[in-house]
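Everything below concerns the one structure shown next.
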Amino acid sequence: MRFLVRIKLFFKDKLVLALSIFSLGFILATWVQFLGNKVEHSPITVLHYNIYSGFDMVGEWRWLYLIPLIVLVASLINFLLASWLWQRQPIWSYLLLTDNLLINFASFIYILNILNYSL
Numbered sequence: 004m005r006f007l008v009r010i011k012l013f014f015k016d017k018l019v020l021a022l023s024i025f026s027l028g029f030i031l032a033t034w035v036q037f038l039g040n041k042v043e044h045s046p047i048t049v050l051h052y053n054i055y056s057g058f059d060m061v062g063e064w065r066w067l068y069l070i071p072l073i074v075l076v077a078s079l080i081n082f083l084l085a086s087w088l089w090q091r092q093p094i095w096s097y098l099l100l101t102d103n104l105l106i107n108f109a110s111f112i113y114i115l116n117i118l119n120y121s122l
């Protein structure tokens, strides 16, 4: 119960609310993009694209699920740490939430580009 009261106070801060909403938006957009496109279950798919050398990492299609899953877990950990630190050190909380937003944005761009190259 105490945790829910802390979360309600946490979201009264407008910067926290804005960063959390945008971060959640990028998480949802990443998973909609990822699950909306049909991933071919071929033995080899593109996992990384480099502008200098083109496709530089290929592997099984299962590895495409790893990056969004890691980002989702990291986002959850960042959010929990930010809510825990908010009353003690609000600057660290803002830094964690900004980091969360940037990680989710990068993940969205990664999935968008890789799925466009793989399809």
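Numbering (our numbering), first residue to last: 4 to 122. For every residue, glycine included, the Cβ atom is placed at its ideal position computed from N, Cα and C.
Measure the C-alpha to C-alpha separation of Y113 and V8 and round it to an integer number of angstroms.
-> Approximately 36 Å between the Cα atoms of the pair.
CA-CA distance, V74 and N107?
-> The alpha-carbon separation between V74 and N107 amounts to approximately 7 Å.
Taking only the alpha-carbon atoms, compute the straight-line gap between K15 and W89 and give it to the nearest angstrom.
-> 11 Å
Candidates I24, I47, A21: closest to L67 by CA position = The candidate whose alpha carbon is nearest that of L67 is I47.
With a CB to CB cut of under 7 Å and the five nearest residues on each side skipped, what residues in its chain are close to I115?
-> Residue identity check: residue 115 is Leu in the sequence provided, not Ile. The answer, listed in chain order, is Q36.
Starting from the C-beta of H44, find all residues in its chain whose C-beta is less than 6 Å away, skip the five residues before and the five after it, and write them out in chain order.
-> W64
Proximity of L22 and L100 at Cβ, strictly below 8 Å | yes
Within the stretch 10 to 56, note down every full beta strand (DSSP E) run reaching 3 residues or more, in order along the chain.
-> Within the stretch 10 to 56, the complete beta strand (DSSP E) runs of at least 3 residues are 48 to 53.
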